[in-house]
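Numbering (the working numbering), first residue to last: 42 to 347.
Ideal placement from N, C-alpha and C gives every residue a C-beta, glycine not left out.
So, in structure tokens, the structure goes:
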């Protein structure tokens, strides 16, 4: 496990001065994941917030080899680069002993549009790490709902009003879908837990084959909160068990964070503007249903973790 002193001595993969929003969690995720790699890295990124704010032509914020591809095929592109590297290495044209290939995608490019390429790359067994920076909506194109968007959240395509009270469905559990692919390493983490995230990234890099990290990334714009509260919201998501921190290593489940006191879901909801409407009279049943589903998923996970 890298200590803070060790991490600060490592070369940062991303420069300051990029165009991310104040309080954006995506650059935090990128830096903490890539700095956990002791070997050289090659990064692929789907179209989305991360790509737009770091690669506006003719500039780049990346200090590592970087390839931008379409919204839907980050995993497919990364798998092709990994296959090309193996071929060149067999031919003796590449002398580097090992390279870590990392694909990044938001929840739109991972849960939805990019799911087919992600599933394919994982099933084929490519030696790569896929990282979903999950801000729970299509934030780059106007805050549209995705299958990662929580029930009750207001978005531009599931607005809170007289007809519907925000998104009607619970979010898809993509982490468990990745576990079903029988990968050597799958984990959930969140912005605000640097030690948890860097340790999980280091574990992922230590294993050969396909790996997946799902990292909750509070979005100041889409979630509607003060920029300085990003990491606090990540911690609050874990303390309410809305977003549990756990890992599945070779099929074995382990909780990596257990709240000292499990907080009610309203503590997480009330500090975000996207849930503001839920606290108006008549929406009590929605909050209650969210609490019940969070409790159910938490109990299921605890049983899996033993």
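Query                                                                                                                                                                         : Result
Does DSSP put residue 188 in a helix, a strand or coil?                                                                                                                       : coil
Classify residue 330 as buried or exposed, calling it buried when 16 or more other Cβ atoms lie within 10 Å of its own Cβ.                                                    : exposed
By how many angstroms is the C-alpha of residue 306 removed from the C-alpha of residue 327?                                                                                  : 12 Å
Using a Cβ-Cβ cutoff of less than 7 Å, which residues in the same chain neighbour residue 164 once the five nearest sequence positions on both sides are dropped?             : 222
For the beta strand (DSSP E) that residue 125 lies in, which residues bound it at each end?                                                                                   : First-last for residue 125: 115 to 131, but that is the alpha helix (DSSP H), not the beta strand (DSSP E).
State the Cα-Cα distance for the pair residue 54 and residue 86, rounded to the nearest angstrom.                                                                             : 14 Å
Look up residue 68 in the DSSP assignment and say whether it is helix, strand or coil.                                                                                        : helix
Quick one: give me the first and last residue of the alpha helix (DSSP H) that residue 219 is part of.                                                                        : 215 to 220
Would you report the Cα separation of residue 95 and residue 323, rounded to the nearest angstrom?                                                                            : 43 Å
Is DSSP giving residue 272 helix, strand or coil here?                                                                                                                        : helix
Assess contact between the segment 288 to 295 and the segment 227 to 242, defined as three or more Cβ pairs (one per stretch) separated by less than 8 Å. Is contact present? : yes
Taking 8 Å as the threshold (C-beta atoms), are residue 138 and residue 176 in contact?                                                                                       : no
Residue 167 and residue 357 - do their beta-carbons sit closer together than 8 Å?                                                                                             : Outside the displayed span of the chain (42 to 347) sits residue 357, for which this structure offers no information.
Quick check: residue 143 and residue 93, are their CB atoms within less than 8 Å of each other?                                                                               : no
Across which residues does DSSP place residue 103 in a beta bridge pair?                                                                                                      : 55
Rounded to whole angstroms, what's the CA-CA distance from residue 52 to residue 83? Just pull it up for me.                                                                  : 14 Å
Residue 339 CB to nearest chain D CB: under 8 Å?                                                                                                                              : Absent from the structure: chain D. Only one protein chain is present.
Return the CA-CA distance between residue 265 and residue 258, expressed in angstroms with no decimal places.                                                                 : 13 Å
Alpha carbons only, please: which of 319, 347 and 117 is nearest the one belonging to residue 297?                                                                            : 347
By alpha-carbon positions, which one of 241, 239, 254 and 332 ends up nearest to residue 278?                                                                                 : 332
Measuring only the C-alpha atoms, how far is residue 189 from residue 72?                                                                                                     : 23 Å
For residue 109, write down the residues that DSSP places opposite it in a beta bridge.                                                                                       : 86
Can you name the residues that DSSP bridges to residue 233?                                                                                                                   : BP columns for residue 233 are empty, so no partner.
What would DSSP say about residue 226, mapped onto helix, strand or coil?                                                                                                     : strand
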